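S.K.:
In the working numbering, the protein residues as written are 26 to 226.
1. Kindly indicate which three-state DSSP category residue 44 falls into: helix, strand or coil?
2. By Cβ distance, which residues of its chain are closer than 8 Å to residue 40, with the 5 residues on each side in sequence left out?
3. Helix, strand or coil for residue 155? Go by DSSP, reduced to three states.
4. Rounded to the nearest angstrom, what separates residue 123 and residue 107 at their Cα positions?
5. Within a Cβ cutoff of 6 Å, which residues of the same chain sit near residue 61, ignoring the five residues on either side of it in sequence?
6. Within the segment 117-197, note down every full alpha helix (DSSP H) run reaching 4 residues or more, in order along the chain.
7. For residue 105 and residue 90, which I take to be in contact (beta-carbon distance under 8 Å), what is that distance rounded to the nearest angstrom?
8. If you compare alpha carbons, which of 111, 84, 121 and 191 is closest to residue 102?
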């Protein structure tokens, strides 16, 4: 309350030694570490508290994800957001995971998350902005779909062209084989030599 998280941390750590299953202490300690920029220690604290988190386990998982984002571990953040969402469709986790999906260019996943977020939250945070992002994502996906279909059309045309070319080559080789005269020894006269041949040294 006095905005002195560094001092609070030592007291919270002491409190955990006396009451190691108190989830509120883990929560406040994690927040204090975040305030001083010790995100790795915040992650460690939230992980230590997961076994005792109970009904707010998804909150701890989301907080871990948030701190991993700050550390640049985006895939790890998505993993923890996903765990939180599996537990109770955590709105913050949905919104934050959507942002990470956009970072990874997973636009369809981001779109699904934003839409679900608007469904599960009665008063969505930044609703207006999120609806704008949803519209942009839908346009982006439409554009990507058109590009994919065009690329697929070109690929199929190229495959057809190569098949036609191969067929022409095979037909050409087949025609060349029909024009070739077969040589045979059957029509030749083989003379029977009875004369002994001397081998000259």
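Here a beta-carbon is modelled for each residue, glycine too, at the ideal position from N, C-alpha and C.
Note that the coordinates shown come from a computational prediction; the quantities given were computed from them, not determined experimentally.
M.R.: Looking at the coordinates:
1. Counting from 1 along the chain shown, the entry for residue 44 is found at position 19. In the three-state reduction of the DSSP assignment, residue 44 falls in the coil class, being assigned neither a helical nor a strand state.
2. The sequence position of residue 40 within the chain shown is 15, counting from 1. Cβ within range, chain order: 47 and 50.
3. Numbered from 1 along the chain shown, position 130 holds the residue referred to as residue 155. Here residue 155 sits in helix by DSSP.
4. The residue you call residue 123 lines up with position 98 of the chain shown. The residue you call residue 107 lines up with position 82 of the chain shown. Cα to Cα, residue 123 sits roughly 11 Å from residue 107.
5. In the chain shown, the residue the question calls residue 61 occupies position 36. For residue 61, where only same-chain residues beyond five positions count, the Cβ hits under 6 Å are 30 and 31.
6. Inside the segment 117-197, DSSP marks whole alpha helix (DSSP H) runs of 4 or more residues at positions 132-145, from first to last along the chain.
7. Indexing the chain shown from 1 puts residue 105 at position 80. Indexing the chain shown from 1 puts residue 90 at position 65. About 4 Å separates the two Cβ atoms, so the contact holds.
8. For the purposes of this step, residue 102 is taken as the residue at position 77 of the chain shown. Of the candidates 111, 84, 121 and 191, the one whose C-alpha sits nearest the C-alpha of residue 102 is 121.
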